[in-house]
Amino acid sequence: MSLIGPCRHRRPLIPKSSYYFGPPPPDAAFGTPPMGQIGVHHPREVIRIERDYTGGELIQFAPIYPLELEGRIIPTQFLESINAINELLISAHSIRRSMVDNVLAVVTLYLSRLIITSHYEKEMKRLKLLFDELNSGLYNPAGLNLLWPGKVAFLYVSFRSSFRIQ
Numbered sequence: 001m002s003l004i005g006p007c008r009h010r011r012p013l014i015p016k017s018s019y020y021f022g023p024p025p026p027d028a029a030f031g032t033p034p035m036g037q038i039g040v041h042h043p044r045e046v047i048r049i050e051r052d053y054t055g056g057e058l059i060q061f062a063p064i065y066p067l068e069l070e071g072r073i074i075p076t077q078f079l080e081s082i083n084a085i086n087e088l089l090i091s092a093h094s095i096r097r098s099m100v101d102n103v104l105a106v107v108t109l110y111l112s113r114l115i116i117t118s119h120y121e122k123e124m125k126r127l128k129l130l131f132d133e134l135n136s137g138l139y140n141p142a143g144l145n146l147l148w149p150g151k152v153a154f155l156y157v158s159f160r161s162s163f164r165i166q
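Following UniProt numbering, the numbering of the sequence shown begins with 1 at its first residue and continues without gaps.
Structure, rendered in structure tokens:
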């Protein structure tokens with residue numbers, strides 16, 4: 001453990017992603033200027049965007065703008081990026097396309113999987129490209145890094161609040 005800031009709160013050196021419980025604590029990196037470098041230094045904060053379960057089992061993320069992003073990106077940019085992610089997830093989990101892929105696989109004794117990429121796999125590749133584009137164009141210049149949610153079974157999307165040295 002290390003002591004960070006004049007508040008003398010005990011916070012771990014490497015932050016962990018956690019659920020949102022209200023406004024950031026006094027010793028948080030919220031509202032501080034960027035410092036450090038993405039991929040080189042440990043992030044000061046990990047911001048989690050939870051899954052939205054209002055649509056049932058369909059994977060979508062909640063378009064609720066977290067306070068920690070204030071001053072880094074505007075709410076419209078955040079909502080547009082979450083909506084783009086949600087659109088690709090809806091397309092990837094299309095029942096009709098899944099049914100066509102599965103029927104084709106069964107009829108061809110799964111040999112079609114060697115030749116044809118499934119719709120889900122194509123959409124996941126498009127989603128990874130979208131994450132790369134969002135990081136390079138929007139989030140990395142703002143000192144944020146959007147993490148791939150596939151590593152956590154699409155339960156949440158995390159932002160690492162990494163900072164640039166000026």
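Glycine included, each C-beta is placed from N, C-alpha and C at the ideal position. The structure displayed is predicted, hence computed values, not measured ones.
Assigned exposure category for residue i - 16 Cβ within 10 Å defines buried
i, result
"Asp132", "exposed"
"Pro75", "exposed"
"Ala153", "exposed"
"Ala70", "A quick correction: the sequence has Glu, not Ala, at residue 70. With fewer than 16 other Cβ atoms within 10 Å, it is exposed."
"Ile73", "buried"
"Ala92", "buried"
"Tyr110", "exposed"
"Leu134", "buried"
"Ser136", "exposed"
"Glu57", "exposed"
Those residues which DSSP pairs with residue i across a bridge
i, result
"residue 247", "Because the chain spans 1 through 166 in this model, residue 247 falls outside it and cannot be assessed."
"Asn145", "Arg160"
"Phe61", "Arg51"
Three-state secondary structure (DSSP) of residue i
i, result
"Glu45", "strand"
"Leu88", "helix"
"His93", "coil"
"Arg72", "coil"
"Ile116", "coil"
"Leu3", "With a pLDDT of 44 at Leu3, under the threshold of 50, the modelled position of that residue is not reliable, and no figure is offered here."
"Tyr139", "helix"
C-beta contact flag for residue i and residue j at 8 Å
i, j, result
"Ile59", "Arg48", "no"
"Ile85", "Leu155", "no"
"Glu123", "Leu88", "yes"
"Ile82", "Pro66", "no"
"Arg96", "Ala105", "no"
"Glu45", "Ser161", "yes"
Nearest-angstrom beta carbon gap, residue j and residue i [assumed within contact, 8 Å]
i, j, result
"Leu144", "Val157", "Between Val157 and Leu144 the Cβ distance is about 11 Å, and since that is not below 8 Å, they are no contact."
"Leu127", "Gln77", "That belief does not hold up - the Cβ atoms of Leu127 and Gln77 are roughly 18 Å apart, past 8 Å."
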